[in-house]
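Student: What follows is a single structure, and I will ask about it in a moment.
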Amino acid sequence: MPNCLNKSSRRPRTTRPRSTLDFAQIGGLSHHIKTLKELIIFPLLHGNLYSHFNIKAPRGVLFYGPPGTGKTLVAAALANEINQENLGKVSFFHRKGADCLDKWVGESEKKLKDLFDKAAKASPSIIFFDEIDGLAPVRSHRHDHVHCSVVSTLLALMDGLDENCGVVVIGATNRLDALDPALRRPGRFDKELYFAMPSTEARKEILQVHTKTWTHQPSPELLNHLANITVGCCGADLQALCAEAVLCCTKRLYPNIDKMEGTLRVKIDPHKIVVEEIDFLNARLNVIPSSQKIGTKMRQLCPILRPLLERQINNIVSHVQAIWPHFLNARYKYVMGSNRYAGRIILVGSNKQGLSTHVIPGLLQILEHLPCYVLDISTLGENEFYNVRKDLPSLLVLSRVDEWWDHIEECDQISIAATLEDIHAGVPILTIASCREELPLKLHDFFYNNCSVTLKIEDPTEKERGQFFSPLFFDESRLSLHKVLLTSKNLNSVKNSLRNQIAAKNVFRGLRALRNPNLYANGWCYRLRSGGKQDKSRSQGNSELLSIIKRNLHQFRVKYFLEKLIHRLPMIMGFLIRTSSLPWRRIWRKNTVEDRL
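Residues in the sequence shown are numbered from 27 upward in steps of one, following our numbering.
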């Protein structure tokens with residue numbers, strides 16, 4: 027990651043190259059940028075205000091969140107942003123988690139002290155610890171005394187930063203639970219910023235940042251479409267998407283570029299490369315969203331299933347908006363201990379109704395600004411569930427809890443129930459539990475004896491089933507049955523071609539056609555047979571003609587059937603709507619192309 031360097035001979039050199047990266051080149055993180063300006067840049071501009079009231083300016087900020095969400099990018103841009111405020115050159119010290127560790131006893135602590143001394147001499151300066159959980163893990167009996175000594179040294183050095191030293195410490199991690207809790211207090215890391223997966227609007231801003239220097243920029247409509255289909259992609263994924271789209275466009279315009287070598291190499295004019303929608307869509311197939319890699323179940327509702335399940339998701343969101351609106355506001359300010367923030371929702375329904383496979387992932391996509399912890403049969407052995415209170419506000423999902431509750435040890439049941447009981451009303455955690463009929467008995471105290479909402483997933487109504495089947499029959503797309511039948515070949519041309527080929531039977535001896543008068547009126551079928559003595563060549567010609575006639579007969583029968591079917595589409599659709607009052611999954615094949623994508 028590019029960072030700012032100080033070229034002054036009287037100051038120590040940092041280890042990162044100079045860059046022109048600033049906040050204007052970062053998209054989707056406007057709230058984080060505003061917070062950093064208030065915490066770091068404002069005290070440097072108005073230091074007299076803090077000295078007048080005898081208060082200490084913030085000296086530490088902790089970035090946490092999933093990988094690829096811009097933590098390192100924002101830290102690198104902060105130094106250049108301060109340089110633009112005419113506050114002097116700001117030195118940027120970038121250290122990985124293991125850069126300060128050494129195999130010799132005492133050397134790790136010495137490296138940390140030397141780093142803080144250099145930063146103080148080169149003030150104003152920024153020390154950025156990337157993957158700080160590797161440098162300052164939780165102190166416990168599992169770690170040796172060396173790790174504990176390094177953590178203690180880091181705590182002491184951060185306590186020694188006064189308001190006049192001009193040193194700001196920034197840490198970044200994607201494992202907040204692995205960080206020593208002593209660092210997470212005012213005076214060390216004064217502020218914690220959560221870098222969530224980008225929302226739809228944030229994804230659009232990120233795409234605009236990456237494509238604003240292109241000669242032929244994508245249209246706003248295309249950017250909106252790309253932002254909608256890239257659910258679960260982080261900023262790094264979107265950057266890779268733009269790079270992959272350029273490569274796809276180049277291969278499309280120069281299909282033989284990989285085969286040319288030596289003097290036959292093609293000269294590519296970058297100004298003539300116009301990245302179109304098809305290039306972005308092809309690139310999207312090669313980019314796997316980070317949410318799928320880290321196991322997040324967040325997923326946008328399939329457009330085909332939207333008529334059947336959208337009402338269910340909107341019903342859940344409306345209850346959250348009415349009772350706990352703060353969970354839908356990403357900028358809400360929580361005052362712990364003064365109000366009731368906790369929310370509890372029980373979703374009753376079977377997996378055949380799409381509860382676990384589509385409803386809950388679609389709900390998580392709407393609440394994507396909240397850190398999410400999912401407890402199901404696949405995550406029972408992990409300890410992240412017990413760290414849900416360390417990351418507030420957050421979302422806790424107990425998926426299909428009635429199916430696996432009786433299959434775990436009793437001590438695990440007591441531990442889960444006790445952890446839920448510790449979530450009192452003043453903690454901003456939205457807990458969602460899904461079951462088929464009834465929750466386990468040990469969870470009744472947490473859900474039923476508190477303010478909770480029970481919502482039952484209903485089967486699709488007749489109107490929703492009609493909206494589901496309507497695109498299949500009467501949509502204007504090329505795949506609708508109505509469109510396919512209307513664009514088929516003219517049946518009369520098939521009949522005439524069939525009659526002409528049958529009339530050629532007189533050319534060959536020994537081939538006789540028996541025609542059924544009743545069926546001939548409708549042009550339905552012919553029965554053909556061969557007779558008499560034939561030589562090899564003549565027999566071969568007869569068989570070829572026979573196969574041609576049979577193929578045309580089959581084609582004609584299919585088209586005749588489709589011609590009759592097109593007039594009966596409304597009746598067939600009505601029959602399907604009336605007889606499909608079952609869970610939607612019984613009337614829909616799971617392995618569709620759209621579902622796989």
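Each residue gets a CB set at the ideal place from its N, CA and C atoms; glycine is no exception.
#1: Scan the region 365 to 397 and note each continuous beta strand (DSSP E) run of 3 residues or more that stays entirely inside, going in chain order.
#2: Suppose you measure from the CA of Ala368 to the CA of Ile342; what does that come to, to the nearest Å?
#3: Measure the C-alpha to C-alpha separation of Lys416 and Tyr399 and round it to an integer number of angstroms.
#4: For Asn237, which residues of its own chain have a beta-carbon under 7 Å away from its beta-carbon, when the five flanking residues on both sides are left out?
#5: Does the beta-carbon of Ala101 have 16 or more other beta-carbons within 10 angstroms, so that it is buried, or is it exposed?
#6: Closest by CA to Cys275, which one among Ile349, Ser344, Asp305, Leu209?
#7: Counting along the chain, where does the beta strand (DSSP E) carrying Lys60 start and finish?
#8: For Pro466, which of helix, strand or coil comes out of DSSP?
#9: Just verifying my parser: in three-state terms, what is the DSSP assignment at Leu187?
#10: Tell me the rounded alpha-carbon separation between Leu264 and Leu327.
#11: Using the DSSP secondary-structure output, state which residues sit across from Ile283 in a beta bridge.
#12: With 16 as the cutoff for other CB atoms within 10 Å, does Gly213 come out buried or exposed?
#13: Are the beta-carbon atoms belonging to Ser460 and Ser382 less than 8 Å from one another?
#14: Are at least three pairs of beta-carbons, each pair with one atom in the region 469 to 476 and one in the region 445 to 454, less than 8 Å apart?
#15: Quick one: Cα of Lys323 to Cα of Ile153, how far?
#16: Between which two residues does the beta strand (DSSP E) containing Tyr220 stretch?
#17: If contact is defined by three or more beta carbon pairs under 8 Å, each pair taking one atom from either stretch, is the region 254 to 261 in contact with the region 417 to 429?
#18: Give me the Cβ distance between Asn200 and Tyr90, rounded to the nearest whole Å; I'm assuming they're in contact under 8 Å.
#19: What ranges does the alpha helix (DSSP H) occupy inside the region 184 to 270, keeping only unbroken runs of at least 4 residues that lie completely in it?
#20: Could you name the residues of the same chain whose beta carbon sits closer than 8 Å to that of Glu302, not counting the 5 residues immediately before and after it, in chain order?
#21: Who are Cys461's beta bridge partners in DSSP?
#22: Excluding the 5 residues flanking Ile339 on each side, which residues of the same chain have their C-beta closer than 8 Å to its C-beta?
#23: In this structure, what does DSSP give as the bridge partners for Val87?
#24: On the three-pair Cβ rule with 8 Å, is the region 50 to 70 touching the region 225 to 239?
#25: Suppose you measure from the CA of Glu394 to the CA of Gly197; what does that come to, to the nearest Å?
#26: So for Phe472, helix, strand or coil by DSSP?
#27: For Asn282 and Val292, I'd like the C-alpha separation in whole angstroms.
#28: Would you mind reading off the limits of the alpha helix (DSSP H) that contains Phe79?
#29: Thinking just about the alpha-carbon of each residue, which of Ile232, Ser149, Cys174, Val164 is nearest to the one in Asp203?
#30: Please work out which residues of its chain come closer than 7 Å, Cβ to Cβ, to Ala271, disregarding the five sequence neighbours upstream and downstream, and give them in chain order.
#31: Look up Val414 in the DSSP assignment and say whether it is helix, strand or coil.
#32: Quick check: what's the CA-CA separation for Pro329 versus Asn109?
#33: Within 10 angstroms of its Cβ, does Ser77 collect 16 or more other Cβ (buried), or is it exposed?
#34: Helix, strand or coil for Pro333? Go by DSSP, reduced to three states.
#35: With distances taken from CA atoms, which of Ala50, Val176, Ile442, Leu334 is nearest Thr487?
Tutor: The answer reads as follows:
#1: 369 to 374
#2: Along the sequence shown, one-based indexing puts residue 368 at 342. Along the sequence shown, one-based indexing puts residue 342 at 316. One C-alpha to the other measures close to 16 Å.
#3: Position 390 of the sequence shown, counted from the start, is the residue given in the question as residue 416. Position 373 of the sequence shown, counted from the start, is the residue given in the question as residue 399. The straight-line gap from Cα to Cα measures roughly 12 Å.
#4: Locating residue 237 in the sequence shown gives position 211, counting from the first residue. The identity of residue 237 in the sequence shown is Thr, whereas the question assumes Asn. Taken in chain order, the residues that qualify are Gln243, Pro244, Cys268.
#5: Here residue 101 is taken as the residue at index 75 of the sequence shown, counted from 1. It counts as buried.
#6: One-based indexing of the sequence shown puts residue 275 at position 249. Out of Ile349, Ser344, Asp305, Leu209, Asp305 has the C-alpha closest to the C-alpha of Cys275.
#7: For this step, residue 60 is matched to residue 34 along the sequence shown. Note, Lys60: premise wrong, no beta strand (DSSP E); alpha helix (DSSP H) at 56 to 62.
#8: Residue numbering aside, residue 466 sits at position 440 when the sequence shown is read from its first letter. Pro466: coil per DSSP, three-state reduction.
#9: Indexing the sequence shown from 1 puts residue 187 at position 161. Reduced to three states, the DSSP call for Leu187 is coil.
#10: Counted from its first residue, the sequence shown places residue 264 at position 238. Counted from its first residue, the sequence shown places residue 327 at position 301. So the alpha carbons of these two residues sit roughly 20 Å apart.
#11: On the sequence shown, residue 283 is found 257 positions in, with the first residue counted as 1. For Ile283, which the question treats as bridged, DSSP gives no partner whatsoever.
#12: By one-based count along the sequence shown, residue 213 stands at place 187. Flag for Gly213 reads exposed.
#13: In the sequence shown, the residue the question calls residue 460 occupies position 434. In the sequence shown, the residue the question calls residue 382 occupies position 356. Going by C-beta atoms, Ser460 is nearer than 8 Å to Ser382.
#14: These segments touch.
#15: Numbered from its first residue, the sequence shown carries residue 323 at position 297. Numbered from its first residue, the sequence shown carries residue 153 at position 127. Put simply, the backbone Cα of Lys323 is about 35 Å away from that of Ile153.
#16: If you number the sequence shown from 1, residue 220 lands on position 194. Run containing Tyr220: 217 to 220, per the beta strand (DSSP E) assignment.
#17: no
#18: Your numbering for residue 200 matches position 174 in the sequence shown. Your numbering for residue 90 matches position 64 in the sequence shown. Their Cβ separation, rounded to whole angstroms, is 7 Å, which keeps Asn200 and Tyr90 in contact under 8 Å.
#19: Complete alpha helix (DSSP H) runs here, min 4: 226 to 237, 246 to 255.
#20: Within the sequence shown, the letter at position 276 stands for residue 302. Cβ neighbours of Glu302 beyond the five flanking positions: Cys275.
#21: Within the sequence shown, the letter at position 435 stands for residue 461. Paired residues: Val374.
#22: Counting from one through the sequence shown, the residue named residue 339 turns up at place 313. Contacts found: Leu327, Val385, Gly388, Leu389, Ile392.
#23: Here residue 87 corresponds to residue number 61 of the sequence shown, with the count starting at 1. Paired residues: Ile196, Lys217.
#24: Below 8 Å, enough C-beta pairs join the region 50 to 70 and the region 225 to 239 to call them touching: three or more.
#25: Position 368 of the sequence shown, counted from the start, is the residue given in the question as residue 394. Position 171 of the sequence shown, counted from the start, is the residue given in the question as residue 197. Looking at the two C-alpha atoms, the distance is approximately 23 Å.
#26: Sequence index remark: in the sequence shown, residue 472 carries index 446 (1-based). Phe472 falls in the helix class under three-state DSSP.
#27: By one-based count along the sequence shown, residue 282 stands at place 256. By one-based count along the sequence shown, residue 292 stands at place 266. C-alpha separation (whole angstroms): 9 Å.
#28: As a working note, residue 79 is residue 53 in the sequence shown. Run containing Phe79: none; DSSP gives neither H nor E here.
#29: For the purposes of this step, residue 203 is taken as the residue at position 177 of the sequence shown. Closest option to Asp203, judged by alpha-carbon separation, among Ile232, Ser149, Cys174, Val164: Val164.
#30: Looking up residue 271 in the sequence shown gives position 245. Contacts found: Val301, Asp305, Phe306, Ala309.
#31: The residue you call residue 414 lines up with position 388 of the sequence shown. Val414: helix per DSSP, three-state reduction.
#32: Along the sequence shown, read from residue 1 onward, the residue named residue 329 stands at position 303. Along the sequence shown, read from residue 1 onward, the residue named residue 109 stands at position 83. Near 48 Å, if we compare the C-alpha coordinates of Asn109 and Pro329.
#33: Numbered from its first residue, the sequence shown carries residue 77 at position 51. Looking at its Cβ environment, which holds fewer than 16 other Cβ atoms inside 10 Å, Ser77 is exposed.
#34: In the sequence shown, the residue the question calls residue 333 occupies position 307. Here Pro333 sits in helix by DSSP.
#35: Here residue 487 corresponds to residue number 461 of the sequence shown, with the count starting at 1. Ranking the options by Cα distance to Thr487, first place goes to Leu334.
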